[in-house]
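Notes to accompany the following structure.
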Amino acid sequence: MDGIVTKLEDGRLFIKLNTSIYEKEAVMAAAYKMTDSCFIIIKPLDNTLVGIFFESKNNQDERELEEIAKKFCNEVLDQQVRLDVEKRYGNIRDLLIMQAFRPIENIGDKIKA
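Residues 29 to 141, numbered by the working numbering, are exactly what the sequence shown covers, in order.
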(Lines of atoms letter the chains of each structure in order from A and count residues from 1; the text may use other names and numbers.)
(Lines give C-alpha, C1' and ligand atoms only; values in the text may rest on other atoms or scores of the structure.)
Protein backbone atom coordinates (compact mmCIF):
# COMPACT_ATOMS: atom_id res chain seq x y z
CA MET A 1 0.00 0.00 0.00
CA ASP A 2 3.00 2.28 -0.29
CA GLY A 3 2.15 5.46 -2.15
CA ILE A 4 -1.58 5.27 -1.47
CA VAL A 5 -1.45 7.26 1.76
CA THR A 6 0.22 10.67 1.58
CA LYS A 7 1.58 12.30 4.74
CA LEU A 8 0.88 16.03 4.95
CA GLU A 9 3.06 18.53 6.82
CA ASP A 10 0.39 19.22 9.46
CA GLY A 11 0.33 15.57 10.60
CA ARG A 12 -2.77 14.66 8.64
CA LEU A 13 -2.90 11.86 6.09
CA PHE A 14 -4.42 12.10 2.64
CA ILE A 15 -5.85 9.57 0.19
CA LYS A 16 -7.02 10.32 -3.33
CA LEU A 17 -9.85 8.19 -4.77
CA ASN A 18 -11.10 8.01 -8.33
CA THR A 19 -14.85 8.66 -8.52
CA SER A 20 -15.18 6.47 -11.61
CA ILE A 21 -14.27 3.51 -9.36
CA TYR A 22 -15.73 4.52 -5.98
CA GLU A 23 -19.21 6.02 -5.70
CA LYS A 24 -20.03 8.76 -3.22
CA GLU A 25 -22.24 6.36 -1.22
CA ALA A 26 -19.34 3.91 -0.76
CA VAL A 27 -16.94 6.67 0.32
CA MET A 28 -19.43 8.11 2.81
CA ALA A 29 -20.27 4.68 4.29
CA ALA A 30 -16.58 3.84 4.71
CA ALA A 31 -15.86 7.23 6.27
CA TYR A 32 -18.75 6.82 8.70
CA LYS A 33 -17.32 3.51 9.92
CA MET A 34 -14.01 5.22 10.75
CA THR A 35 -15.39 8.24 12.63
CA ASP A 36 -14.77 6.64 16.03
CA SER A 37 -11.07 6.33 15.20
CA CYS A 38 -10.21 9.68 13.62
CA PHE A 39 -11.54 12.86 12.06
CA ILE A 40 -12.28 12.46 8.36
CA ILE A 41 -12.78 15.27 5.87
CA ILE A 42 -13.95 14.53 2.33
CA LYS A 43 -13.37 17.11 -0.41
CA PRO A 44 -13.90 16.88 -4.16
CA LEU A 45 -10.64 17.60 -5.96
CA ASP A 46 -12.04 17.72 -9.50
CA ASN A 47 -14.64 15.88 -11.59
CA THR A 48 -12.88 12.52 -11.24
CA LEU A 49 -11.10 12.63 -7.88
CA VAL A 50 -12.10 12.98 -4.25
CA GLY A 51 -9.68 13.65 -1.41
CA ILE A 52 -9.98 12.00 1.99
CA PHE A 53 -8.13 13.67 4.87
CA PHE A 54 -7.46 11.80 8.12
CA GLU A 55 -6.68 13.67 11.33
CA SER A 56 -5.81 12.17 14.71
CA LYS A 57 -8.70 12.11 17.16
CA ASN A 58 -7.34 10.16 20.12
CA ASN A 59 -3.68 11.23 20.02
CA GLN A 60 -2.74 8.38 17.69
CA ASP A 61 0.81 8.39 16.45
CA GLU A 62 1.54 8.55 12.73
CA ARG A 63 1.74 4.77 12.37
CA GLU A 64 -1.67 4.24 14.00
CA LEU A 65 -3.28 6.92 11.85
CA GLU A 66 -1.76 5.35 8.74
CA GLU A 67 -3.22 1.98 9.78
CA ILE A 68 -6.67 3.62 10.06
CA ALA A 69 -6.25 5.15 6.59
CA LYS A 70 -5.33 1.75 5.16
CA LYS A 71 -8.35 0.17 6.85
CA PHE A 72 -10.43 2.89 5.20
CA CYS A 73 -9.10 1.75 1.81
CA ASN A 74 -10.30 -1.79 2.48
CA GLU A 75 -13.63 -0.55 3.82
CA VAL A 76 -14.35 1.69 0.83
CA LEU A 77 -13.62 -1.27 -1.46
CA ASP A 78 -16.00 -3.44 0.58
CA GLN A 79 -18.72 -0.80 0.43
CA GLN A 80 -18.30 -0.42 -3.34
CA VAL A 81 -18.55 -4.17 -3.87
CA ARG A 82 -21.77 -4.16 -1.81
CA LEU A 83 -23.21 -1.46 -4.06
CA ASP A 84 -22.16 -3.33 -7.20
CA VAL A 85 -23.73 -6.58 -5.96
CA GLU A 86 -26.93 -4.73 -5.05
CA LYS A 87 -27.16 -3.24 -8.54
CA ARG A 88 -26.50 -6.57 -10.15
CA TYR A 89 -28.61 -8.89 -8.00
CA GLY A 90 -30.91 -6.65 -5.95
CA ASN A 91 -33.87 -7.51 -8.15
CA ILE A 92 -33.49 -11.21 -7.27
CA ARG A 93 -33.68 -10.37 -3.55
CA ASP A 94 -36.77 -8.25 -4.20
CA LEU A 95 -38.45 -11.11 -6.09
CA LEU A 96 -37.68 -13.58 -3.29
CA ILE A 97 -39.13 -11.26 -0.66
CA MET A 98 -42.20 -10.59 -2.79
CA GLN A 99 -42.73 -14.33 -3.23
CA ALA A 100 -42.19 -15.05 0.47
CA PHE A 101 -44.89 -12.60 1.52
CA ARG A 102 -47.40 -13.41 -1.18
CA PRO A 103 -50.86 -14.31 0.15
CA ILE A 104 -51.48 -18.05 0.36
CA GLU A 105 -54.88 -19.14 -0.91
CA ASN A 106 -56.73 -21.91 0.90
CA ILE A 107 -54.19 -22.03 3.71
CA GLY A 108 -56.86 -23.54 5.96
CA ASP A 109 -56.92 -26.67 3.78
CA LYS A 110 -53.15 -27.05 4.15
CA ILE A 111 -53.07 -26.80 7.96
CA LYS A 112 -53.60 -30.11 9.74
CA ALA A 113 -55.26 -29.98 13.13
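Heads up, the beta-carbon is just placed ideally off N, CA and C, and yes, glycines get one too.
Unbroken beta strand (DSSP E) run spanning residue i, endpoints
i, result
"G39", "No beta strand (DSSP E) holds G39; DSSP gives it neither H nor E."
"E83", "L77 to S84"
Close-in-space but distant-in-sequence residues of the same chain around residue i (CB under 7 Å, 5 per side omitted)
i, result
"E51", "Q108 and L111"
"F67", "E83 and K85"
"A54", "V104, Q107, Q108 and L111"
"T76", "N46, T47 and S48"
"I32", "I43 and C101"
For residue i, the first and last residue of its enclosing alpha helix (DSSP H)
i, result
"I69", "From DSSP, I69 is part of no alpha helix (DSSP H) but of the beta strand (DSSP E) over C66 to P72."
Span separating the alpha-carbon of residue i from that of residue j
i, j, result
"S65", "I49", "25 Å"
"K35", "Y60", "21 Å"
"I69", "R91", "19 Å"
"M126", "I120", "10 Å"
"I43", "I80", "5 Å"
"Q88", "P72", "26 Å"
"M62", "V78", "17 Å"
"G39", "E94", "11 Å"
"L124", "Y117", "11 Å"
According to DSSP, residues forming a beta bridge with residue i
i, result
"K52", "Bridge partners of K52: none, in fact."
"K44", "G79"
Sequence-distant residues of its chain with Cβ nearer than 8 Å to residue i (five each side left out)
i, result
"A58", "F100, E103, V104, D106 and Q107"
Continuous beta strand (DSSP E) assignments of at least 3 residues falling wholly in the segment 85 to 123 = none
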